[in-house]
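Protein chains in written order, with the numbering used here: chain A, 1088 to 1435; chain B, -4 to 318.
Note that CB positions come from ideal geometry on N, CA and C, so glycine has one too.
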């Protein structure tokens, strides 16, 4: 008897959990009247207030909605795994959303499954844009952080008193590897003798460990750290050691004005709007890889004028030159998903 | 690779300091868990209780403006969560593994929800004042040892004292004897007039309080801010360390220190050129603390097999069944 009662109670408890963790899609059916806005659903794996990846996606989508670019519903904290993603995504598909944005690399496989089951819905996910990642109704949006990190690397090399900089990443995957080598390649373009270190943590999220990794780097003489992962712990270390860092995805300058040199900022609003416009125009299919990068303002790197050691004049000149040439289509920033920046010849 | 940046005279003190910082939250939770397990209750809800303690200490610090009052909230919330868990596992005899995992899921979702309800989305997390590093007079002047052991965040001293207290309670008091008896043979304890449910409930609450303190240390001593899922799996590592420690709180502290010091070491080797553009894959560094801890565990197990594992661990005690 007692056991039966406790099992019933546990069941009730698990219902509470489901209720807490899964937010039902809001009532979008009500505002069908005006215009014919594309209906976009944004599915986020983690909390929308993570100060980086999820938050930037959320803020960009809200900004696009407020600008009247599309009609939006979003859900956060869904979890990284397919089993939690599928029911949420399927509900949006059944409710007639035109474009479903699956905002993590981990959603790639379930997206491809669901795209077959719901051929009328357009899907897009944070993929690499390889041919096998795309389908008739599945696109992928790249995250060309390496373009921004190259530009940031120039500023880092120009602002480093010790001539030593570094980067901290979650895992050594192509997106992070190319970003880390991007910092190094950019820095080398300004100063071929620059010293560079990199640490990979083996986790995407652990602020206390990130902070320790950053303190270890500062102890080893590194002046400025670039980031590929959640940056809050590294900002904390930069403040404590009074050293420098580069923000990731969001603009993090306001968190520590004297210690955040710049940010490799991702303009997700532009990325979402580009894809939603294709859906509205009927040009979304066949699904393609969207590269909304530095040239069109999808990635932005702006020097923080309050940073404690401003980059030297040579760095600023080179920064301006590279940015202008990228925008004019005269220079392509190297993508280094594996191997070393030292083996890549870059000339401007 | 510049080894002097890792093992040089100036590098050892910051390295070991970092190791202690990395170890303390896990050490607290692991020491508390030994108490619960000694009493026969498997508390798999540790990660959730750490999260609860972390968020509670942050919110109370922010609200009262006093980090010390915030710190006190951590064990209170941890113990209350353990009390809730005990209602299921101790009173209602529910399956301990399922209940523990349920509690972690609930805490993880609820802390996310609460934080989002309380704080607008913003560019940087709201901050609280961290508790200070305090150097203990005289002792801090001992060469090498002084700057490592006696120049720490004030909460490091507090948590070490709490861990010693847990050990003392467990092995040097009547209550500890009752707890261990209840964990070995609840029937025998019961027939000697010990209230199995009461002792198990208290033991569970001690482990909840210690897990809460672990979460509080993370936020109050180390970060100065809270972020969703800030404990990042430390509760699970703490549970593994209990096996490593053979159910002794002091050894749990030792195991956590070993893990933390090796973790700090691998971060420092990477930062000094050990990983970047070297043939050794980064994964080797990331795995190092786990490998070393596992290695020590195996060596220890060769000498003494599972000594200390309570016989009634994880088994609910139902009085009627033995009447």
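Check	Outcome
Residue 224 of chain B: first and last residue of the uninterrupted beta strand (DSSP E) it sits in	First-last for residue 224 of chain B: undefined, no H or E at that position.
Outcome for residue -1 of chain B when other beta-carbon atoms lying within 10 angstroms are tallied against a minimum of 16	exposed
Any chain A beta carbon closer than 7 Å to residue 11 of chain B	no
Collapsed DSSP secondary structure at residue 1256 of chain A in the structure displayed	strand
Cβ neighbours of residue 246 of chain B in the same chain (closer than 7 Å, five flanking residues each side left out)	240
Whole-angstrom C-beta distance between residue 305 of chain B and residue 178 of chain B, which should lie under 8 Å	3 Å
Any 3 or more C-beta pairs closer than 8 Å across the region 1162 to 1169 of chain A and the region 1124 to 1138 of chain A	yes
Burial state of residue 1123 of chain A, where buried means 16 or more other Cβ atoms lie within 10 Å	exposed
Distance between residue 252 of chain B and residue 1322 of chain A (C-alpha atoms, nearest Å)	26 Å
Contacts of residue 1304 of chain A in chain B (Cβ-Cβ under 7 Å)	266
Local Cβ density within 10 Å of residue 1384 of chain A, reported as buried at 16 or more and exposed below that	exposed
N-terminal and C-terminal residue of the alpha helix (DSSP H) that residue 1267 of chain A is part of	1261 to 1277
Helix, strand or coil at residue 107 of chain B according to DSSP, with G and I counted as helix	helix
Residue 242 of chain B, enclosing beta strand (DSSP E) - first and last residue	Where residue 242 of chain B is concerned, there is no enclosing beta strand (DSSP E), given that its DSSP letter is neither H nor E.
Residue 1068 of chain A versus A:1308, A:1381, A:1265, residue with shortest Cα-Cα distance	Any question about residue 1068 of chain A goes unanswered here, given that chain A covers just 1088 to 1435.
CB contact below 7 Å: residue 213 of chain B versus chain A	yes
Chain-ordered neighbours of residue 222 of chain B on chain A, where CB pairs are closer than 9 Å	1134, 1136, 1137, 1138, 1292, 1294, 1317, 1319, 1320
Contact list for residue 277 of chain B against chain A, beta-carbon separation under 7 Å	1259, 1287
Assigned secondary structure, residue 119 of chain B (DSSP; H/G/I helix, E/B strand, else coil)	coil
Chain A within 7 Å of residue 116 of chain B, Cβ atoms only	yes
Neighbour-count burial assignment, residue 262 of chain B, 16 or more Cβ in a 10 Å radius	buried
Residue-level contact to chain A via CB, residue 122 of chain B, 7 Å cutoff	no
The region 29 to 43 of chain B touching the region 97 to 110 of chain B, judged by at least three CB pairs closer than 8 Å	yes
Status (buried if at least 16 other CB within 10 Å, exposed otherwise) for residue 1270 of chain A	buried
Amino acids of chain B, ordered along the chain, whose beta-carbon sits closer than 9 Å to that of residue 1337 of chain A	118
Contact set for residue 1319 of chain A: own chain, Cβ-Cβ below 6 Å, skip 5 residues either direction	1138, 1294
Partners in chain A for residue 107 of chain B, counting only beta-carbon separations shorter than 7 Å	1134, 1164
C-beta contact flag for residue 80 of chain B and residue 94 of chain B at 7 Å	yes
Three-state class that DSSP yields for residue 1150 of chain A in the structure shown	helix
Whole-angstrom C-beta distance between residue 135 of chain B and residue 142 of chain B, which should lie under 8 Å	7 Å
Beta carbon proximity, residue 218 of chain B to chain D, threshold 7 Å	Checking the listed chains, one finds no chain D in this structure; the protein chains it contains are A and B.
Contact test: residue 1306 of chain A Cβ vs the ligand GDP heavy atom, cutoff 6 Å	Absence of the ligand GDP from the depicted structure is noted, as is the absence of any ligand whatsoever, leaving it without description.
Residues, ordered as in the chain, of the region 280 to 297 of chain B that lie near chain A by beta-carbon distance below 7 Å	281
Alpha-carbon spacing of residue 61 of chain B relative to residue 55 of chain B, whole angstroms	8 Å
Exposure label - residue 175 of chain B; buried when at least 16 CB within 10 Å	buried
CB contact flag (residue 1418 of chain A, residue 1209 of chain A, <7 Å)	no
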